[in-house]
Amino acid sequence: MGFLDHDDHEKVRSTSGHGETFQSIVERRLSRRSFLKSAVAASAIVFAAPVVGRTIAQTDDELPADASGLGFETIAGQPKENDSLLVPPSYVAVPFLRWGDPLTPDAPEFDADNQTAAAQAQQFGYNCDFVGFLPLPLGTDSSDSGLLVVNHEYTNPDIMFDGYVEGAPTQAQVDVELAAHGVSVVQIGLANDSWTYDRTGTANRRYTATSPMTASGPAAGSDWFKTSADETGLNILGTLNNCAAGKTPWGTVVTAEENFHQYFANNGLLEDDDPIKAMHDRYGVPEEASDRRWENFYDRFDVSKEPNEPFRFGWAVEIDPYDPDFVPVKRTAIGRYRHEAQTFVVADSGQVAVYSGDDARFEYVYKFVTSGIYNPDYRTANLGLLDEGILYVARFNDDGTGDWLPLLHGEGPLTEENGFASQADVLVKTRQAGDLLGATKMDRPEDIEPNPVNKKVYIALTNNTNRGVDDNPGVDAANPRPENANGHIIELTETDDNHAATTFAWEIFLLCGDPEDEDTFFAGFPKENVSAIANPDNITFDNKGNLWISTDGQPRTLEINDGLFAVPVSGPERGLLRQFFSSVAGSEVCGPEFTPDDTSLFVAIQHPGEGGTFAEPVSTWPDGEVPPRPSIVAIRAANGGRVGEEGDFQPTQRVYLPMINR
Ligand code: FEO
Ligand code: CA
Ligand code: CA
Numbered sequence: 014m015g016f017l018d019h020d021d022h023e024k025v026r027s028t029s030g031h032g033e034t035f036q037s038i039v040e041r042r043l044s045r046r047s048f049l050k051s052a053v054a055a056s057a058i059v060f061a062a063p064v065v066g067r068t069i070a071q072t073d074d075e076l077p078a079d080a081s082g083l084g085f086e087t088i089a090g091q092p093k094e095n096d097s098l099l100v101p102p103s104y105v106a107v108p109f110l111r112w113g114d115p116l117t118p119d120a121p122e123f124d125a126d127n128q129t130a131a132a133q134a135q136q137f138g139y140n141c142d143f144v145g146f147l148p149l150p151l152g153t154d155s156s157d158s159g160l161l162v163v164n165h166e167y168t169n170p171d172i173m174f175d176g177y178v179e180g181a182p183t184q185a186q187v188d189v190e191l192a193a194h195g196v197s198v199v200q201i202g203l204a205n206d207s208w209t210y211d212r213t214g215t216a217n218r219r220y221t222a223t224s225p226m227t228a229s230g231p232a233a234g235s236d237w238f239k240t241s242a243d244e245t246g247l248n249i250l251g252t253l254n255n256c257a258a259g260k261t262p263w264g265t266v267v268t269a270e271e272n273f274h275q276y277f278a279n280n281g282l283l284e285d286d287d288p289i290k291a292m293h294d295r296y297g298v299p300e301e302a303s304d305r306r307w308e309n310f311y312d313r314f315d316v317s318k319e320p321n322e323p324f325r326f327g328w329a330v331e332i333d334p335y336d337p338d339f340v341p342v343k344r345t346a347i348g349r350y351r352h353e354a355q356t357f358v359v360a361d362s363g364q365v366a367v368y369s370g371d372d373a374r375f376e377y378v379y380k381f382v383t384s385g386i387y388n389p390d391y392r393t394a395n396l397g398l399l400d401e402g403i404l405y406v407a408r409f410n411d412d413g414t415g416d417w418l419p420l421l422h423g424e425g426p427l428t429e430e431n432g433f434a435s436q437a438d439v440l441v442k443t444r445q446a447g448d449l450l451g452a453t454k455m456d457r458p459e460d461i462e463p464n465p466v467n468k469k470v471y472i473a474l475t476n477n478t479n480r481g482v483d484d485n486p487g488v489d490a491a492n493p494r495p496e497n498a499n500g501h502i503i504e505l506t507e508t509d510d511n512h513a514a515t516t517f518a519w520e521i522f523l524l525c526g527d528p529e530d531e532d533t534f535f536a537g538f539p540k541e542n543v544s545a546i547a548n549p550d551n552i553t554f555d556n557k558g559n560l561w562i563s564t565d566g567q568p569r570t571l572e573i574n575d576g577l578f579a580v581p582v583s584g585p586e587r588g589l590l591r592q593f594f595s596s597v598a599g600s601e602v603c604g605p606e607f608t609p610d611d612t613s614l615f616v617a618i619q620h621p622g623e624g625g626t627f628a629e630p631v632s633t634w635p636d637g638e639v640p641p642r643p644s645i646v647a648i649r650a651a652n653g654g655r656v657g658e659e660g661d662f663q664p665t666q667r668v669y670l671p672m673i674n675r
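Structural data, given as structure tokens:
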């Protein structure tokens, strides 16, 4: 079904539609730092350069201090029909929390043939995405007890329900779908090397597409937020399409509303001169019926009846996992777009910087910087921090510099004459404000996250097969490949490593794809040594600052399942990207999350069996039964050591090109 906004993985051509070769584009940006001074710089065929590197130290004792510590044996991606998990030798991967698992003592057991909304609202939701581990007790760095906060991005009703008819759901099915969306908070614990969830955990709870929520910040309660059911503009029902998320320094989770537009219908029924129609068009609200047809049963999903309801979605929503009574708050100061996620870091000034991306083709990268200062001593003092500050949108200049452009009412073009009469207007129409400021149109920004070790910020650009096609924007230095099917990763360095800065430098870190393809780039590392990767989506870091990347689609030509990859970002192994985990048929891998001591790694297996249906399944994971069940997996080394470190990957295998100027 067409519920995903994921692009076809079309084959990349090496020449853009704008007369400039791919190599000239990339060399313009990469050569300066990565190639010019290297042995292969003089070669015009930098992407097919032979290995001219050397082997590094022969034993771990001789490894340089900045070695990654990644000793796991590289695995290969499994063929697409394979329906089991694969990890390197000496690792164990165990699903321990599945769609439908009861989260309270009174909740019914999962029964695929007797699904009800009331049951689902007390059970683990569908399509797990973000995974956040929050230690228990609060304020500790426990790695064996915590709250798991998990997003449930969307539903696959044709896999969930026996007899689902596309375009004609029953109300009972729709109600289960509403309850299967949202967020779960679940207490988990480690005993005898195994993670289990505690059905009696007092903090366990579900947030769904109908849970009471509120809003704060400049757009909250504005006229845009008012509906026939809510004249205050502050009483909102639910959260939708929660994709990735971030943990705040004060231990809350801010969950992202991504492709919210797809739940609404009938924008085409609004009058052509109704300004709301154009506002919804810019965010992709369907002209006619939605695919899901929720509007058949609930007027709020029909914009011809409730034109403002979509303005109450597309936000970053703060949840306090430790407080079951906390009412989730949509923090409007961070902006409204298809939030992939937002991630948090405390700047040297004490202000909190919030990085986020709008995951759609030719959309933008954002940063919000709080006005107030983080208070590490008084937790609740931080709960208003996200309501005041400056939202910026990124411009990536071709020379490797960049600017954070403020989205402030009254500044520059953001005036009443241009349709922005207040800061609420700027925030509700964040995309339009970014257009006027000349922000850089990116190749689908997914996760963006600051590395706590080297302070650089990594941006996963998942793909953009429309780049350079027809009337769409052509390549630029930050989005250098036409018809970008495989995605890339940008490394952003704030000026003076100051996360509150308004300028930055940037470079391409990875150009993803099959390493055999000439248009890939692995931070200069020889392609013989790296794994194929495409569509980078969620990212995280281990305690050594190594970047871990999960994928949403592998190179189309390879016909392999999605996976998880690790790549050092500094030292002699910078760019040595290797596959650690391979998933099951039809799934994508989401939410990689380490415990504080790196001895456990959680991943979410989203949409196992996508491409099949209940009647014609392509996956029966994890239990060998229909329907397959999206689940959380815990990965541990058999000896309980740091995940990624254990293994016999030999230093002599680490052949690399000397990376000068690093
Ligand atoms: Fe929900 Fe952009 O992935
Ligand atoms: Ca994602
Ligand atoms: Ca995705």
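Using our numbering, the letters of the sequence shown correspond one by one to residues 14 to 675. Every residue, glycine too, gets a C-beta built ideally from N, C-alpha and C. As the structure is a computational prediction, the values presented were derived from the model and not from experiment.
Could you tell me the alpha carbon to alpha carbon distance between K343 and S229, rounded to whole angstroms? Sequence index remark: in the sequence shown, residue 343 carries index 330 (1-based). Sequence index remark: in the sequence shown, residue 229 carries index 216 (1-based). Inter-residue distance for K343 and S229 is about 6 Å (C-alpha atoms, whole angstroms).
Report task. Mind checking which residues open and close the beta strand (DSSP E) that includes R591? Result -> Your numbering for residue 591 matches position 578 in the sequence shown. R591 -> beta strand (DSSP E) spans 591 to 595.
*asked:* Once the 5 residues before and after V543 are set aside, which same chain residues still bring their CB inside 6 Å of it?
replied: Reading the sequence shown from its first residue, position 530 is the one you call residue 543. Contacts found: P528, F535, L590.
Q: Evaluate Y391 with the Cβ neighbour count: other Cβ atoms within 10 Å of its Cβ, from every protein chain shown; 16 or more gives buried, anything less gives exposed.
A: Taking the sequence shown and counting its residues from 1, one reaches residue 391 at position 378. That one is exposed.
For review: beta carbons within less than 5 Å of any heavy atom in ligand 3: Output, sorted by chain position: D550, D565.
* Asked: Counting only runs that start and end within the segment 133 to 213, where is the alpha helix (DSSP H) found for 4 or more residues in a row?
  -> 170 to 173, 184 to 193
By a C-beta neighbour count over all protein chains shown, 10 Å radius and 16 as the cutoff for buried, is T265 buried or exposed?
Indexing the sequence shown from 1 puts residue 265 at position 252. Result: buried.
Check: Alpha carbon to alpha carbon, how far is A498 from K442?
Finding: Start at 1 with the first residue of the sequence shown, and residue 498 comes out as number 485. Start at 1 with the first residue of the sequence shown, and residue 442 comes out as number 429. Distance between the alpha carbons of A498 and K442 is about 29 Å.
Q.
Taking its Cβ as the centre, do 16 or more other Cβ atoms sit within 10 Å of A204, making it buried, or is it exposed?
A. The residue given as residue 204 occupies position 191 in the sequence shown. Classification of A204: exposed, given that the 10 Å Cβ count is below 16.
- Going by the C-beta, is C256 closer than 6 Å to any heavy atom of ligand 2? Counting from one through the sequence shown, the residue named residue 256 turns up at place 243. Within the cutoff, so yes.
Taking its Cβ as the centre, do 16 or more other Cβ atoms sit within 10 Å of D661, making it buried, or is it exposed? Your numbering for residue 661 matches position 648 in the sequence shown. The residue is exposed, with fewer than 16 neighbouring Cβ atoms inside 10 Å.
Alpha-carbon spacing of T553 relative to N464, whole angstroms: Within the sequence shown, numbered from 1, the residue matching residue 553 stands at position 540. Within the sequence shown, numbered from 1, the residue matching residue 464 stands at position 451. In a straight line, the C-alpha of T553 is about 8 Å away from that of N464.
heavy atom of ligand 2 below 6 Å from E459 C-beta: Residue 459 sits at position 446 when you count from the first residue of the sequence shown. Checking every heavy atom of ligand 2 against the Cβ of E459, one is found closer than 6 Å.
Quiz item: Anyone know if the C-beta pair for V198 and P115 falls short of 7 Å?
Solution: On the sequence shown, residue 198 is found 185 positions in, with the first residue counted as 1. On the sequence shown, residue 115 is found 102 positions in, with the first residue counted as 1. Against a cut-off of 7 Å, the Cβ pair of P115 and V198 comes out as no contact.
Q) R480 bridges to which residues according to DSSP? A) Here residue 480 is taken as the residue at index 467 of the sequence shown, counted from 1. Looking at the DSSP assignment, R480 forms no beta bridge with any residue, so it has no partner.
Note to self: Can you tell me whether Q184 is buried or exposed? The criterion is at least 16 other CB atoms within 10 Å of its CB, across all chains shown.
What the structure shows: What you label residue 184 is simply residue 171 of the sequence shown in a count that begins at 1. Answer is exposed; the Cβ neighbour count stays below 16.
**Message:** Looking at ligand 1, does it come within less than 6 Å of E271, judged from the CB to the closest heavy atom?
**Reply:** Working through the sequence shown from its first residue, we reach residue 271 at position 258. If you check the C-beta of E271 against ligand 1, you find a heavy atom less than 6 Å away.
Do E459 and E623 have their C-beta atoms within less than 7 Å of each other?
For the purposes of this step, residue 459 is taken as the residue at position 446 of the sequence shown. For the purposes of this step, residue 623 is taken as the residue at position 610 of the sequence shown. Result no, Cβ atoms of E459 and E623 do not sit closer than 7 Å.
*asked:* For G653, tell me which candidate among S303, T608, G625, E638 has the shortest Cα-Cα distance.
replied: For the purposes of this step, residue 653 is taken as residue 640 along the sequence shown, with counting starting at 1. Looking at the Cα atoms, T608 is the closest of the given residues.
Practice prompt. Might you give, ordered along the chain, the residues of its own chain that have their beta carbon closer than 6 Å to the beta carbon of C256, omitting 5 neighbours on each side?
Written response: Residue 256 sits at position 243 when you count from the first residue of the sequence shown. Taken in chain order, the residues that qualify are D142, E166, A269, E271, E353.
Checklist line | Burial state of E300, where buried means 16 or more other Cβ atoms lie within 10 Å | finding: Counted from its first residue, the sequence shown places residue 300 at position 287. Exposed, since its Cβ has fewer than 16 Cβ neighbours within 10 Å.
_What ranges does the beta strand (DSSP E) occupy inside the segment 235 to 312, keeping only unbroken runs of at least 3 residues that lie completely in it?_
Qualifying beta strand (DSSP E) stretches, in chain order: 255 to 260, 266 to 270.
Count the C-beta pairs between the segment 122 to 140 and the segment 190 to 197 that are closer than 8 Å, then say yes if the count reaches three, no if not. A contact exists between the segment 122 to 140 and the segment 190 to 197.
For this session: Check each candidate in N492, R649, T515 and name the one with the smallest Cα separation from L524.
Result: Your numbering for residue 524 matches position 511 in the sequence shown. Answer by Cα proximity: N492.
Can you find a heavy atom of ligand 1 that lies under 6 Å from the Cβ of D372?
Translated into the one-based positions of the sequence shown, residue 372 becomes position 359. Yes, Cβ of D372 sits closer than 6 Å to a heavy atom of ligand 1.
request  = Could you tell me which of D550, E531, A346, E424 sits nearest to E541, measuring between CA atoms?
outcome  = Counted from its first residue, the sequence shown places residue 541 at position 528. If we check each option's Cα against that of E541, E531 comes out closest.
Answer yes if the segment 355 to 371 comes into contact with the segment 274 to 292, meaning at least three C-beta pairs across the two stretches below 8 Å, and no otherwise.
no
Quick test of your reading: V470 and G558, contact by CB under 8 Å. State the CB separation rounded to the nearest angstrom.
As a first step, residue 470 is located in the sequence shown; it is residue number 457 there, counting from the start. As a first step, residue 558 is located in the sequence shown; it is residue number 545 there, counting from the start. The pair is not a contact, with the Cβ atoms about 12 Å apart (cut-off 8 Å).
Of all the beta strand (DSSP E) runs that stay within the bounds of the segment 491 to 522, which reach a length of 3 or more residues? 501 to 507
| request: Taking only the alpha-carbon atoms, compute the straight-line gap between R655 and S81 and give it to the nearest angstrom. | output: Against the sequence shown, residue 655 aligns to sequence position 642. Against the sequence shown, residue 81 aligns to sequence position 68. R655 and S81: Cα-Cα distance of roughly 12 Å.
- Message: Relative to the C-alpha of D338, which candidate in S224, R325, A518, E122 has its C-alpha closest?
- Response: Stepping through the sequence shown from its first residue, residue 338 is reached at position 325. Ranked by Cα distance from D338, the options S224, R325, A518, E122 are led by S224.
Three or more C-beta pairs below 8 Å linking the segment 472 to 492 and the segment 501 to 511:
They touch, by the three-pair rule.
CA-to-CA distance, F594 to S384, given in whole angstroms: Along the sequence shown, one-based indexing puts residue 384 at 371. Along the sequence shown, one-based indexing puts residue 594 at 581. Roughly 41 Å separates the two Cα atoms.
(Q) Between the alpha carbons of V488 and F174, how many angstroms are there, rounded? (A) By 1-based counting over the sequence shown, the position of residue 488 is 475. By 1-based counting over the sequence shown, the position of residue 174 is 161. If I take the Cα positions, the gap works out to 43 Å.
* Starting from I552, follow its DSSP beta bridges and name the residues at the other end. => Stepping through the sequence shown from its first residue, residue 552 is reached at position 539. Partner(s): I562.
Quiz item: From L440 to A452, what does the alpha carbon distance come to, in whole angstroms?
Solution: As a first step, residue 440 is located in the sequence shown; it is residue number 427 there, counting from the start. As a first step, residue 452 is located in the sequence shown; it is residue number 439 there, counting from the start. Going from the Cα of L440 to the Cα of A452 covers about 15 Å.
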